[in-house]
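**Q** So in my numbering, spot 171 of the sequence shown is number 158, and the numbers just go up one at a time. We treat Cβ as the ideally placed atom computed from N, Cα and C, and that holds for glycine. These figures come from a predicted structure and were not determined experimentally. Could you have a look at this structure, given as structure tokens, before my questions?
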Amino acid sequence: NMAKLVYAEKQYYLSKRNFHLALALELFLVLYIAYQISVNTSRSLSPMVLFLLVGTLLLLTTLLWFLHQLSLKIKVTNKGISFKMNPFQLKQRKLKWDQIANYKMVNDPNLLSWNAGLENSWQEKKFTLNARHGISLVTVEGERIFIGSPNLSALKEALENGTAKYQAQHAL
């Protein structure tokens, strides 16, 4: 009995275009520095300066790679909801419908919202690239999870659809 996909979305922190732009900028920077070094051969480059340059470039590349990897995948099926936030989660987390006590849609531009009640906000595990736009859910065990999404109406429809399909199957 395979799960029927109701909805899927994948969000990236850095769009492919912005990632390629940043990569091009970094490459330009490397070529510019190399050119400056080759032109100014009279002045010798101290090992310290060279070390700092290489270190900065490595740090920039690592940061770019991290931001490029930073993504959130959400799937809603008739069996439940699953999500995976790269690179923090190695495998996707699946919650079956009967594991979810309740959920509500949240549309708040502040990440740490005062209306959420601050004590609740700290206990909540957040998986979001979209501030407080998404779904706030509580599992049967009392775990609080927030999953961000820019497509609130589509996600809301999918959740209603998924739970309806689940309830229809289990009503028999």
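Rounded to whole angstroms, what's the CA-CA distance from Tyr(-1) to Ala155? Just pull it up for me.
**A** Walking along the sequence shown from the start, residue -1 turns up at place 12. Walking along the sequence shown from the start, residue 155 turns up at place 168. When rounded, the distance between both Cα atoms is 34 Å.
**Q** Measure the Cβ-Cβ separation of Val17 and Leu146 and say whether it is below 8 Å.
**A** Position 30 of the sequence shown holds residue 17. Position 159 of the sequence shown holds residue 146. In this structure, Leu146 does not lie closer than 8 Å to Val17 by Cβ.
**Q** Report the three-state DSSP secondary structure of Phe75 (helix, strand or coil).
**A** Mapped onto the sequence shown, residue 75 falls at position 88. Note: Phe75 maps to coil in three-state DSSP.
**Q** How would you label Trp84, buried or exposed, when you count the other beta carbons within 10 angstroms and need 16 or more for buried?
**A** Against the sequence shown, residue 84 aligns to sequence position 97. So Trp84 ends up on the buried side.
**Q** Just verifying my parser: in three-state terms, what is the DSSP assignment at Ala(-10)?
**A** On the sequence shown, position 3 is the one that residue -10 refers to. DSSP places Ala(-10) in coil when its eight states are reduced to three.
**Q** Who pairs with Asp95 in a beta bridge, going by DSSP?
**A** Sequence index remark: in the sequence shown, residue 95 carries index 108 (1-based). Bridge partners of Asp95: Arg119.
**Q** Span of the alpha helix (DSSP H) holding Ser140?
**A** Position 153 of the sequence shown holds residue 140. Per DSSP, Ser140 belongs to the alpha helix (DSSP H) from Leu139 to Ala158.
**Q** Which same chain residues, not among the five before or five after Lys78, have their C-beta less than 6 Å away from its C-beta?
**A** Here residue 78 is taken as the residue at index 91 of the sequence shown, counted from 1. The answer is none, since no qualifying residue turns up.
**Q** For a test of the three-state rule: what should DSSP assign to Val127, helix, strand or coil?
**A** The sequence position of residue 127 within the sequence shown is 140, counting from 1. Reduced to three states, the DSSP call for Val127 is coil.
**Q** Between which two residues does the beta strand (DSSP E) holding Ser58 run?
**A** By one-based count along the sequence shown, residue 58 stands at place 71. Ser58 to Thr64 is the span of the beta strand (DSSP E), which, as asked, contains Ser58.
**Q** Would Ala151 and Tyr(-6) qualify as a contact pair, given that the criterion is a beta-carbon distance under 8 Å?
**A** Your numbering for residue 151 matches position 164 in the sequence shown. Your numbering for residue -6 matches position 7 in the sequence shown. For Ala151 and Tyr(-6), no; Cβs fall outside 8 Å.
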